[in-house]
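Colleague:
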Amino acid sequence: MDSEPTPVSKPESPVLISSQTLILASLFVAVISVAIFIFVSRRKGQSKRNLLLLLGPSDSGKTSIFSSLVYGHVVQTNTSMQANSSFLNIQGKRDPIQIVDVPGHPRLRDQFKDSLSSAKALAFVVDANTASRNAAVIAEHLHSVLDAIMAIPPSQPLPTLLILAHKCDLIKASSSSADTSALAVTRVQTILERELERRRSSQSGGMGVEALGDENNDEKPNMGGLDCSGPGGTFRFENWEGGEVVFLGTSVKGSEVADEKSVKGSIAPLMDWIEENI
Numbered sequence: 001m002d003s004e005p006t007p008v009s010k011p012e013s014p015v016l017i018s019s020q021t022l023i024l025a026s027l028f029v030a031v032i033s034v035a036i037f038i039f040v041s042r043r044k045g046q047s048k049r050n051l052l053l054l055l056g057p058s059d060s061g062k063t064s065i066f067s068s069l070v071y072g073h074v075v076q077t078n079t080s081m082q083a084n085s086s087f088l089n090i091q092g093k094r095d096p097i098q099i100v101d102v103p104g105h106p107r108l109r110d111q112f113k114d115s116l117s118s119a120k121a122l123a124f125v126v127d128a129n130t131a132s133r134n135a136a137v138i139a140e141h142l143h144s145v146l147d148a149i150m151a152i153p154p155s156q157p158l159p160t161l162l163i164l165a166h167k168c169d170l171i172k173a174s175s176s177s178a179d180t181s182a183l184a185v186t187r188v189q190t191i192l193e194r195e196l197e198r199r200r201s202s203q204s205g206g207m208g209v210e211a212l213g214d215e216n217n218d219e220k221p222n223m224g225g226l227d228c229s230g231p232g233g234t235f236r237f238e239n240w241e242g243g244e245v246v247f248l249g250t251s252v253k254g255s256e257v258a259d260e261k262s263v264k265g266s267i268a269p270l271m272d273w274i275e276e277n278i
């Protein structure tokens, strides 16, 4: 018998990819590429955030701290009408730290906002000896700083806020063994919390805060930045929703030129924080 012919298999038809699938795949690749680019750019941007801004009212001691950090000695200073900027090299760190001393004059102090997105930390300097007498003015200035920090977009990292209770060596202690640095910090924190709570209560009650120490006397809307997570919303730095707040007691001794060890020792808490965190 004749054998039956073996059937010839037909070649498989190629799988056709629809144009819609190609478009979706292209979009997916594009989204992943953009996400990677944003992630890498953000990481690079964060790694370059080595800027410390020195803020605070005039005559609080910002420029003395600046010269002590940068030059290692105190220089005779006058009220600054322009920003001072320099770099601080720290052993063991590859990149220098930029320090900018922002003028405290009411017309110039908002210059810090131009560099806020690049700042790793803001050091707000308060003269602990005159804090009670100038409480309203100091609180108004600090309020504007808190408001600016709270206005930073959620996608950006928040800078740490340092509050320096400065000139703590001039604090009159009840005993020779008292820690004047701790006394200065307690005094400054108590005064600022009281004054900022006054401002928060005035705003929540519909009253403007221009009369509570605003040096500009310009008509401006009420500032925010005083939101707290604690009971009743009472302002406390530990409950502030704008990020971390660190209090340090500092002082700068000397006039024209001072012993390097004594100068750095008097600002040692600030120097230690910079070395560990920036």
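The numbering of the sequence shown is the UniProt record's numbering, which starts it at 1 and goes up by one. Glycine residues also receive a C-beta, built at the ideal position from the N, C-alpha and C atoms.
Within 10 angstroms of the Cβ of residue 250, are there 16 or more other Cβ atoms? Answer buried if so, exposed if not.
Modeller: buried
Colleague: Should residue 132 and residue 171 be called a contact, given that it needs their Cβ atoms to be closer than 9 Å?
Modeller: no
Colleague: Have a look at residue 168 and residue 180 and give me their C-alpha separation to the nearest angstrom.
Modeller: Answer to the nearest angstrom: the Cα atoms are 6 Å apart.
Colleague: For residue 51, which three-state DSSP category applies?
Modeller: It is a strand residue.
Colleague: Using DSSP with H/G/I as helix, E/B as strand and the rest coil, what is residue 179?
Modeller: In the structure shown, residue 179 sits in coil (DSSP, three-state: anything other than H, G, I, E or B).
Colleague: Rank 225, 239 and 224 by C-alpha distance to the C-alpha of residue 231 and give the top, closest one.
Modeller: 239
Colleague: Are residue 141 and residue 104 close, meaning C-beta to C-beta below 9 Å?
Modeller: Using a Cβ distance threshold of 9 Å, residue 141 and residue 104 count as a contacting pair.
Colleague: Within this structure, are the beta carbons of residue 83 and residue 126 separated by less than 9 Å?
Modeller: no
Colleague: Could you tell me the alpha carbon to alpha carbon distance between residue 211 and residue 92, rounded to whole angstroms?
Modeller: Because the pLDDT of residue 211 is 48, which lies under 50, any placement of that residue in the model is unreliable, and the question is left without a value.
Colleague: Thinking just about the alpha-carbon of each residue, which of 266, 23, 226 and 135 is nearest to the one in residue 146?
Modeller: 226
Colleague: Roughly how many angstroms separate the alpha carbons of residue 270 and residue 156, rounded to a whole number?
Modeller: 25 Å
Colleague: Quick one: using the 10 Å Cβ neighbour count with 16 as the cut-off for buried, is residue 50 buried or exposed?
Modeller: buried
Colleague: Return the chain-ordered list of same chain residues with a C-beta closer than 7 Å to the C-beta of residue 224, the five sequence neighbours on each side being excluded.
Modeller: Excluding sequence neighbours, residue 224 sits near 147 and 150.
Colleague: Out of 58, 123, 234 and 71, point me to the one whose CA is closest to residue 81's CA.
Modeller: 58
Colleague: For residue 284, which residues of its own chain have a beta-carbon under 7 Å away from its beta-carbon, when the five flanking residues on both sides are left out?
Modeller: Shown here, the chain extends from 1 to 278; a query on residue 284 therefore has no answer.
Colleague: Would you mind working out which of 152, 135, 243 and 173 sits nearest residue 193, comparing C-alpha positions?
Modeller: 135
Colleague: Could you give the uninterrupted runs of the alpha helix (DSSP H) lying entirely in the stretch 150-178, keeping only those of 4 residues or more?
Modeller: none
Colleague: On the CB-based measure, 16 or more other CB atoms within 10 Å of its CB, does residue 101 come out buried or exposed?
Modeller: buried
Colleague: If we count the other Cβ atoms within 10 Å of its Cβ and call it buried at 16 or more, is residue 195 buried or exposed?
Modeller: buried
Colleague: Determine which residues share a DSSP beta bridge with residue 119 and list them.
Modeller: 51
Colleague: Under 8 Å by Cβ, that's how I've got residue 128 and residue 178 pegged, so tell me the actual separation to the nearest angstrom.
Modeller: Going by Cβ atoms, the distance from residue 128 to residue 178 rounds to 14 Å, so no, they are not a contact pair.
Colleague: Please classify residue 109: is it buried, with 16 or more other beta-carbons within 10 angstroms of its beta-carbon, or exposed?
Modeller: The residue in question, residue 109, is buried, as its Cβ has 16 or more Cβ neighbours within 10 Å.
Colleague: Using a Cβ cut-off of 9 Å (strictly closer), state whether residue 89 contacts chain B.
Modeller: Within the model displayed, chain B is absent; a lone protein chain is all it includes.
Colleague: Start and end of the alpha helix (DSSP H) containing residue 277?
Modeller: Here the alpha helix (DSSP H) through residue 277 covers 268-277.
Colleague: Pull the bridge partners of residue 124 from the DSSP assignment, please.
Modeller: 55 and 163
Colleague: In the DSSP assignment, find the unbroken beta strand (DSSP E) run with residue 97 in it and report its ends.
Modeller: 97-101
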